[in-house]
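Residue numbers (this note's numbering): 6 to 68. We put the beta carbon where it would ideally sit given N, CA and C, even for glycine. All of these numbers come straight from a predicted model, not from anything done at the bench.
In structure tokens, the structure reads:
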């Protein structure tokens, strides 16, 4: 990629240098009874907090 070049279109999934710490932080949200999860990045999630946590854990297990 050239300097100053824009990146458009789908972007790679978010990443972290410490996946276990990220999962642990997410697990702390598991007891919250909310219908919507609105992250700082990505689309809003209407499946509830517990389902969002399970979805991320399953994706992490496959990675």
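Identity of the residues DSSP links to residue 41 by a beta bridge: Against the chain shown, residue 41 aligns to sequence position 36. BP columns for residue 41 are empty, so no partner.
CB of residue 54 within 8 Å of CB of residue 43, strictly: If you number the chain shown from 1, residue 54 lands on position 49. If you number the chain shown from 1, residue 43 lands on position 38. Taking 8 Å as the Cβ cut-off, residue 54 and residue 43 do not qualify as a contacting pair.
From 25, 31, 21, 23, residue whose alpha carbon lies closest to that of residue 58: As a first step, residue 58 must be located in the chain shown, where it is residue number 53. Measuring from the Cα of residue 58, the nearest candidate turns out to be 31.
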